[in-house]
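Asks: Structure in structure tokens, see below.
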Amino acid sequence: MGKRFGPALVDYLARLTGQKADPREYIEPPETFRSSVHLLEPIRGKGALLLPMRRLLAELVRWLARRQLGVSALTWTVEPLSGPATALTVEFAEPRTDDKALLALSKLKLERTALNKEAAEGVMSVSLQADSTAPLNPVDADLLAHPALPALPAKGAKSRSTASSTELVDSLAAKLGRSAVRGLRIVDDHRPEHAWSFERATHLRRSTSEPRTSAHRPLWLFDPPKPVDARQFELRSGPERIETGWWDTAQQHRDYFTAVSKDGVQCWLYRDRNERWYLHGYFS
């Protein structure tokens, strides 16, 4: 059996029948942070909440440092002496560990959050919860940074431009709302209209894998494609057949061609089952 199916099957059967030890890994729930500041006297106004928030964030940063984690989302809960609590969630495009940045983004979120009547009259407790954490990049130039030392390039370390764009996304999301800042995500679908989707920018994560190579695609797509007379174009390459989507309501059967119009514009045309031609996009 080992010669026919390989050693993996023999090993599996031995563990299945108890002839070989088969240790199981225990389920480890993700580590979460929860802490609260209970006040002796009620505090009023959003500005007064920053002091207990700063204290909780300092505690969170120490907790993250011991575990070499970064936080991707925070949940604040403001509880009045009586009445319902007010909760606000702050999400980040990348895991963070800087208490100053966390406080600044939390402050932006707090400014656009309306406290209920009871909380506006006086807050007795402020709580912080961090359930969404992720391991930090083990190779990070910031860990080696020192005023007396030159900056060392590190593989995997974020550039200043990347860090600035992440801070901008987080600031806009905190100020305008999570749904107001969106980015594009590539979808594994051959159909051009379904090969991308919008997603909240704070949910997008930069891929560590190599970029995929694919066929030449235009930068500009028409929605819907425009019917055209193929005689007005000079075909340059093709056809590239895309026939998929039979499992849903957006089935496609198209033969795509690159072409040049009479004006010299490089275009992307396709022909459907009924021999009708459509202009689907322009190349840059």
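Start counting the sequence shown at 1089; every next residue gets the next number (the numbering used here). Where a beta carbon is used, it is the ideal one built from N, C-alpha and C, also for glycine.
(1) Taking the alpha carbon of residue 1148 as the point to measure from, which residue in 1185, 1175, 1114 and 1318 has its own alpha carbon closest?
(2) Per the DSSP calculation, residue 1274 is bridged to which residue(s)?
(3) From the DSSP output, in three-state form, read off residue 1200 for me.
(4) Between residue 1103 and residue 1109, what straight-line distance do the alpha-carbon atoms span, to the nearest angstrom?
(5) Rounded to whole angstroms, what's the CA-CA distance from residue 1255 to residue 1182? Just pull it up for me.
(6) Can you say whether residue 1029 is buried or exposed, counting buried as having 16 or more other CB atoms within 10 angstroms of its CB?
(7) Rank 1214, 1210, 1270 and 1224 by C-alpha distance to the C-alpha of residue 1176 and give the top, closest one.
(8) Less than 7 Å between C-beta atoms, sequence neighbours within five positions excluded: which residues of the same chain meet that for residue 1306?
(9) Look at the alpha carbon of residue 1220 and the alpha carbon of residue 1269, and state the distance between them as a whole number of angstroms.
(10) Please specify which runs of the alpha helix (DSSP H), each continuous and at least 4 residues long, are wholly inside the segment 1134-1174, giving them in chain order.
(11) Short of 8 Å in beta carbon distance, which residues of its chain neighbour residue 1143, apart from the five on each side in sequence? Order them along the chain.
(12) Please report the Cβ distance between residue 1209 and residue 1168, rounded to the nearest whole angstrom; I am assuming they are in contact, meaning their Cβ atoms lie under 8 Å.
(13) What is the rounded straight-line gap between the Cα of residue 1191 and the Cα of residue 1178?
(14) If you drop the 5 nearest sequence neighbours on each side, which residues of the same chain put their C-beta closer than 7 Å to that of residue 1327?
(15) Does residue 1224 come out as helix, strand or coil in the three-state DSSP assignment?
(16) State buried or exposed for residue 1194, treating a residue as buried only when at least 16 other CB atoms are found within 10 Å of its CB.
(17) For residue 1434 and residue 1304, what's the separation of their Cα atoms in angstroms?
(18) Quick one: is residue 1211 buried, meaning 16 or more other Cβ sit within 10 Å of its Cβ, or exposed?
Replies: Taking the coordinates as given:
(1) 1185
(2) 1284
(3) coil
(4) 6 Å
(5) 9 Å
(6) The structure shown does not extend to residue 1029, since the chain is modelled only from 1089 to 1372, so the question has no answer here.
(7) 1214
(8) 1356, 1369, 1370 and 1371
(9) 20 Å
(10) 1138-1155
(11) 1125
(12) 7 Å
(13) 10 Å
(14) 1343, 1344 and 1345
(15) coil
(16) buried
(17) Look at the range of the chain in this structure, 1089 to 1372, and you will see that residue 1434 is not part of it.
(18) buried
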